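Peer 1: First residue of the sequence shown? That's 20 in the working numbering, and the numbers climb one at a time after it.
Ideal Cβ placement from N, Cα and C applies to all residues, glycine included.
Keep in mind the model is a prediction, meaning the values are calculated, not measured.
Quick one: the structure is below, and I'll ask about it shortly.
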Amino acid sequence: MNDLFDPADAGCWIARGRPARHAQAIAEAWRCFPELPHDAPLGARQARTRERVQMLRPLHDAISLETEQQRRAANFAFVERRIAQGSNDTRHAAILHARDLLGYDWDAAHAYADGHYAARAGWVSRPPSWSRPGQPNERRPAYDQGFLDGGGQPDDIFDVARRSFAAASSKPVQTDSPQVARRLPSQWPSPTDIPPPASWHRRLLLLGASELAAEAIGILAMLRGRPGHESATLLAIDRKDGLLSLSLSAGPAAIDSVALRDQLHQSDYADILVVADDGELARIDADAGVLPLARTMERTRNSVLQQRAQFRHWLFRGRAPGDQFAAGHIRWSKMAAGLSGRLGDFTARYAGPAKPRGHRIVVEDASGEPAFGYRTALGQELQPEILIGNKSNIRSAMAHLLREYAASLRLG
């Protein structure tokens, strides 16, 4: 390719990828209307450009027509290949039917296939409304013809109902993949603080053997520190042996599958949590039929830190005998003075360090004043200000205090 480009030379255009017939026409236009010198008047140079463009207009129209014909041929060739490869898409056969028997081009044939498919699927007729600029709208009548050939009867008010019923009746029944009535444990949501509290004797915890061995999340340590956890039912998930009985003192032990099923289905569980890795989740999914149906069914997921936070949500929802607290999502915010949280009409905020040591937490009601005059359901009066020794426990202390106040009663 020469550095000097001469637009009046057809070889320059051929060297840049133009077909010979296009290159000859372009070069002829430049020979007939060559570029004027740069010092020529602007109007004359613009007029010369318009003359050259006018001479090349037939060539541009021919190129556009040729490109459109190539597009249609390529689309029809693709459909033919798909049918030769064994495609069972009925629209492919309808496209070739419209081309061979009705003489439609690609756009009209595609619209015909859409209408034919819509009629057989039991859908409402929705013909296309757009057409290519400068061309008549051939797609709408082609769609209507395909809709009629597919069994549609637009004049019948019961047409859609009749075709929908026929389409539903013709669908094969999938016996190898039956529909399940509930989601598998691997599809359960993550624990949050939104579900209502549940007594510990109505809670079921399924813990993976990998966590029992490594304690990466620290589930057992957190569980032992929660009052009332002794009443919960604990099971271990082993990839090979499935569900095992679990005791915090003795560890996992084998259990008869029939006895386990009877135990789980005879108990009235309200809260189930699964803490397991991918392999253990696959095993519990396979044994999902042994699990009872509960009001709240969750599983931890993502990173270790996130699973630890999710497990804390689940722990705090456990209600020991004598506990009375509210559920719901606490809205946390980080203010300039420190952390604050809100639940219902109550706001707990960090009030700064206490003297000689400790940290103050204050609860305010809707009026913005310290929440004096509230008591628990058992009659114990609540104090709106508490002191904690370790600042790292401020969030859990504030959450506990907010839930007590949200479930409290106003004195006289």
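Please report the Cβ distance between alanine 370 and arginine 379, rounded to the nearest whole angstrom; I am assuming they are in contact, meaning their Cβ atoms lie under 8 Å.
Peer 2: Taking the sequence shown and counting its residues from 1, the one referred to as residue 370 is at position 351. Taking the sequence shown and counting its residues from 1, the one referred to as residue 379 is at position 360. Confirmed, Cβ separation roughly 4 Å.
Peer 1: Flag this pair as yes or no: are the beta carbons of tryptophan 207 and glutamate 299 separated by less than 8 Å?
Peer 2: As a first step, residue 207 must be located in the sequence shown, where it is residue number 188. As a first step, residue 299 must be located in the sequence shown, where it is residue number 280. In this structure, glutamate 299 does not lie closer than 8 Å to tryptophan 207 by Cβ.
Peer 1: Would you mind sorting valine 323 into buried or exposed? The rule is 16 or more other CB atoms within 10 Å of its CB.
Peer 2: Position 304 of the sequence shown, counted from the first residue, corresponds to residue 323. By the 10 Å Cβ count, valine 323 comes out exposed.
Peer 1: Can you look up lysine 410 in the DSSP assignment and give me helix, strand or coil?
Peer 2: Counting from one through the sequence shown, the residue named residue 410 turns up at place 391. Here lysine 410 sits in helix by DSSP.
Peer 1: Report the rounded CA-to-CA distance for tryptophan 219 versus arginine 258, giving the unit in angstroms.
Peer 2: If you number the sequence shown from 1, residue 219 lands on position 200. If you number the sequence shown from 1, residue 258 lands on position 239. Roughly 27 Å separates the two Cα atoms.
Peer 1: Determine the contact status of alanine 416 and alanine 345, defining contact as a CB-CB distance below 8 Å.
Peer 2: Reading the sequence shown from its first residue, position 397 is the one you call residue 416. Reading the sequence shown from its first residue, position 326 is the one you call residue 345. No, the pair does not count as a contact, with Cβ atoms beyond the cut-off.
Peer 1: Does the Cβ-Cβ distance between glycine 141 and phenylalanine 166 come in under 8 Å?
Peer 2: For the purposes of this step, residue 141 is taken as residue 122 along the sequence shown, with counting starting at 1. For the purposes of this step, residue 166 is taken as residue 147 along the sequence shown, with counting starting at 1. Not closer than 8 Å, so no.
Peer 1: From the DSSP output, which residues share a beta bridge with tryptophan 351?
Peer 2: In the sequence shown, residue 351 corresponds to position 332, counting from 1. Paired residue(s): Gly360.
Peer 1: Rounded C-beta distance between alanine 138 and arginine 76? I'm assuming under 8 Å.
Peer 2: Against the sequence shown, residue 138 aligns to sequence position 119. Against the sequence shown, residue 76 aligns to sequence position 57. Between arginine 76 and alanine 138 the Cβ distance is about 43 Å, and since that is not below 8 Å, they are no contact.
Peer 1: Decide yes or no for the touch test of the region 228 to 235 against the region 352 to 366: beta carbon pairs closer than 8 Å, at least 3 of them.
Peer 2: No, because fewer than three Cβ pairs between the region 228 to 235 and the region 352 to 366 fall closer than 8 Å, the two stretches do not touch.
Peer 1: What is the DSSP secondary structure of glutamate 299, reduced to helix, strand or coil?
Peer 2: As a working note, residue 299 is residue 280 in the sequence shown. Note: glutamate 299 maps to helix in three-state DSSP.
Peer 1: With DSSP as the reference, label proline 160 as helix, strand or coil.
Peer 2: Position 141 of the sequence shown holds residue 160. Residue state, collapsed to three classes: helix.
Peer 1: Is it buried or exposed for serine 266, if we count other Cβ within 10 angstroms and need 16 for buried?
Peer 2: Within the sequence shown, residue 266 is the residue found at index 247, counting from 1. Counting Cβ neighbours within 10 Å, serine 266 comes out exposed, since fewer than 16 surround it.
Peer 1: Looking at glycine 337 and histidine 419, is the spacing between their C-beta atoms short of 8 Å?
Peer 2: Position 400 of the sequence shown holds residue 419. Position 318 of the sequence shown holds residue 337. No; because the gap between Cβ atoms is not below 8 Å, this pair is not in contact.
Peer 1: Are the beta-carbon atoms of alanine 117 and tyrosine 131 separated by less than 8 Å?
Peer 2: Taking the sequence shown and counting its residues from 1, one reaches residue 117 at position 98. Taking the sequence shown and counting its residues from 1, one reaches residue 131 at position 112. Yes, they are a contact pair.
Peer 1: Let's test the definition: count the other Cβ atoms within 10 Å of the Cβ of glycine 341 and tell me whether it reaches 16, buried, or not, exposed.
Peer 2: Mapped onto the sequence shown, residue 341 falls at position 322. Per the 10 Å Cβ criterion, exposed.
Peer 1: Can you give the Cα-Cα distance for phenylalanine 95 and histidine 111, rounded to whole angstroms?
Peer 2: Translated into the one-based positions of the sequence shown, residue 95 becomes position 76. Translated into the one-based positions of the sequence shown, residue 111 becomes position 92. Rounded to the nearest angstrom, the two C-alpha atoms are 9 Å apart.
Peer 1: Can you tell me where the alpha helix (DSSP H) with phenylalanine 177 in it begins and where it stops?
Peer 2: Translated into positions along the sequence shown, residue 177 becomes position 158. Premise fails: phenylalanine 177 is in no alpha helix (DSSP H) and is neither H nor E.
Peer 1: I need the straight-line Cα distance from threonine 395 to arginine 327, nearest angstrom please.
Peer 2: Within the sequence shown, the letter at position 376 stands for residue 395. Within the sequence shown, the letter at position 308 stands for residue 327. Going from the Cα of threonine 395 to the Cα of arginine 327 covers about 30 Å.
Peer 1: What do you reckon, are the CB atoms on alanine 48 and arginine 71 nearer than 8 Å?
Peer 2: The residue you call residue 48 lines up with position 29 of the sequence shown. The residue you call residue 71 lines up with position 52 of the sequence shown. Yes, Cβ-Cβ distance for alanine 48 and arginine 71 is below 8 Å.
Peer 1: What residue does the alpha helix (DSSP H) around isoleucine 114 start on, and which one ends it?
Peer 2: As a position in the sequence shown, residue 114 is number 95, starting the count at 1. 109 to 121 is the extent of the alpha helix (DSSP H) around isoleucine 114.
Peer 1: So which of Gly308, Lys374, Pro146 has the shortest CA-CA distance to isoleucine 405?
Peer 2: Here residue 405 corresponds to residue number 386 of the sequence shown, with the count starting at 1. Considering only alpha carbons, the answer is Lys374.
Peer 1: Can you tell me whether alanine 240 sits near the ligand PLP, meaning its C-beta is under 7 Å from at least one heavy atom of the ligand?
Peer 2: This structure does not include the ligand PLP; it has no bound ligands of any sort.
Peer 1: I want to see whether chain B comes within less than 8 Å of arginine 158, judged by CB atoms only; does it?
Peer 2: Annotation note: the requested chain B is absent from the structure, which comprises a single protein chain.
Peer 1: From proline 215 to glycine 347, what distance separates their C-alpha atoms?
Peer 2: Translated into the one-based positions of the sequence shown, residue 215 becomes position 196. Translated into the one-based positions of the sequence shown, residue 347 becomes position 328. Their backbone Cα atoms lie some 7 Å apart in a straight line.
Peer 1: Can you tell which of Ala255, Asp260, Ala46, Ser276 has its C-alpha closest to the C-alpha of glycine 270?
Peer 2: The count along the sequence shown starts at 1 and reaches residue 270 at position 251. Nearest C-alpha to glycine 270: Ala255.
Peer 1: Going by other Cβ atoms of all chains shown within 10 Å of its Cβ, with 16 needed for buried, is glutamine 65 buried or exposed?
Peer 2: Position 46 of the sequence shown, counted from the first residue, corresponds to residue 65. The residue in question, glutamine 65, is exposed, as its Cβ has fewer than 16 Cβ neighbours within 10 Å.
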